[in-house]
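To keep things clear, I will list the structure first and then write my remarks on it.
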Amino acid sequence: MKQGIHPENYRLVVFKDMSNDEMFLCKSTADTKDTIEYEGQEYPLIKMEISSTSHPFYTGKTKLVDTAGRVDKFMNKYKKFAK
Numbered sequence: 000m001k002q003g004i005h006p007e008n009y010r011l012v013v014f015k016d017m018s019n020d021e022m023f024l025c026k027s028t029a030d031t032k033d034t035i036e037y038e039g040q041e042y043p044l045i046k047m048e049i050s051s052t053s054h055p056f057y058t059g060k061t062k063l064v065d066t067a068g069r070v071d072k073f074m075n076k077y078k079k080f081a082k
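Position 14 (the sequence shown) corresponds to 13 in numbering that gives the first Met the number 0; numbering is contiguous.
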């Protein structure tokens, strides 16, 4: 492994899955201004959209997403720019 290319500022950080409020503690170098109390101590907080506790691959549950509605909304919004 090359010397001097890896960060030295690892610290304990809480990662929170915002879709189901699951949290886990892990070492990270990610910057954040948010903090949270976890198991009686204050830690930096990283908010995530999805994690293994909510991802369909890991949970086995599929989530129906209305992609047709999103496309129609996009097309209506930018219809005025069409040539």
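Beta carbons are placed, not taken as given, at the ideal position from N, Cα and C, and that holds for glycine. For clarity, every value in this text was computed on a predicted model and none was experimentally measured.
Among the options, which one has its Cα closest to the Cα of residue i?
i	options	result
E7	S27, T34, D16 and I49	S27
With a CB to CB cut of under 7 Å and the five nearest residues on each side skipped, what residues in its chain are close to residue i?
i	result
T52	D16, N19 and E21
Y11	A quick correction: the sequence has Leu, not Tyr, at residue 11. For L11, where only same-chain residues beyond five positions count, the Cβ hits under 7 Å are L24, K26 and Y42.
M47	F14, K15, D16 and M17
Straight-line CA distance for residue i to residue j?
i	j	result
A29	Y9	9 Å
F80	K1	51 Å
M74	I49	27 Å
G3	D71	51 Å
F56	D33	29 Å
H5	G59	36 Å
Taking 6 Å as the limit between beta carbons, can you name the residues of its chain near residue i, skipping five residues before and five after?
i	result
V13	M22, L24, I35, Y37, Y42 and L44
Just list the alpha helix (DSSP H) runs in the stretch 10-62, keeping only unbroken ones of 4 residues or longer that don't cross its boundaries, in chain order.
-> If we require 4 residues or more, the alpha helix (DSSP H) runs fully inside the stretch 10-62 come out as 55-58.
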